[in-house]
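Comments concern the structure below.
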Amino acid sequence: MKTVLITGASRGLGFETARLLSDRGFRVILSARDRPRGEAAAAQLPGTTFVQLDITDAASVAGAVQQIAALDVLINNAGIIAEGDAEILSIPLEIVERTLVNNALGALRVAQAFAPRLMKSPAGRIVNVSSGGGQLGDGDSATWAPAYCISKTALNAVTCQLAAALKGNNIAVNSVCPGWCRTDMGGAGAPRSAEQGAEGIAWLAADAPQDKTGLFWRDREVIPW
Ligand SMILES: NC(=O)c1ccc[n+]([C@@H]2O[C@H](COP(=O)([O-])OP(=O)(O)OC[C@H]3O[C@@H](n4cnc5c(N)ncnc54)[C@H](OP(=O)(O)O)[C@@H]3O)[C@@H](O)[C@H]2O)c1
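The opening residue of the sequence shown carries number -9 in our numbering; numbering runs sequentially from there.
Okay, structure coming up:
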């Protein structure tokens, strides 16, 4: 039985991914920074355990590593969008910094911490939940949520770096865009359900060929950076 750790999984896409992988027979470790919300979410999925984990907090990450002895798959799902209507020429840099620290450096911090565990798996995987807004070639990314989009571009760079560094350990590292989904972040008007968005994340975690690494995916297809 494979063990998967999912960050930011008390709601939204993280929770739906936990549900899908639990149904698939994974040993799911559902993590969240808020203990009561995380424990309540894990209680909804039989066999799932909860670990408190704030991806921006080194002590919290170290504590999670202590509690998780073996790991096959890490899903860096936790993310924020913090800018409201702010635009690139006037956005307070504090917002850009906070978003980068959370969405890009948080994922890198967790990956660094769990890499020794993943190296002991015969076929480890890291799935970084990114966004089409992070695509450099997507003109759309120039028009909305600049801090968020910049952070997802940086997360994609983290994916490339980790993929190259971990290829020799048979650890596949990929980014995935779930599409625009109905979650607290995506809003009620999004065209996809959270489960539809989670499906592509779960596929990368469970079913994608192990030799596919350092790529950006949506709906099981590779998309440009
Ligand atoms: N929804 C979309 O349309 C869409 C599209 C493209 C990409 N994505 C990406 O998909 C991922 C999940 O998004 P979502 O739509 O499910 O968003 P969501 O409903 O807002 O959930 C985000 C989750 O991330 C957690 N989180 C944020 N910062 C954290 C931290 N420092 N440590 C631990 N957990 C943290 C939140 O925890 P709290 O409950 O404690 O706040 C929450 O559980 C994000 O990376 C997002 O950028 C979403």
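Each residue gets a CB set at the ideal place from its N, CA and C atoms; glycine is no exception. The structure displayed is predicted, hence computed values, not measured ones.
Residues near I58 in its chain [Cβ-Cβ closer than 7 Å; skip 5 each side]: L(-5), I19, V41 and R107
Residues bridged to R17 [DSSP beta-bridge criterion]: T(-7)
Beta carbon of A(-1) nearer than 8 Å to that of A31: yes
Check whether G190 and R210 have beta carbons under 8 Å apart: yes
First through last residue of the alpha helix (DSSP H) which encompasses W193: A184 to A196
Endpoints, the alpha helix (DSSP H) within which Q200 is located: Taken as a continuous stretch (DSSP letters only), Q200 belongs to no alpha helix (DSSP H), as it is neither H nor E.
Three-state secondary structure (DSSP) of L79: coil
Residues near L126 in its chain [Cβ-Cβ closer than 7 Å; skip 5 each side]: T143 and W215
Strand pairing of R208, partner residues [DSSP]: E211
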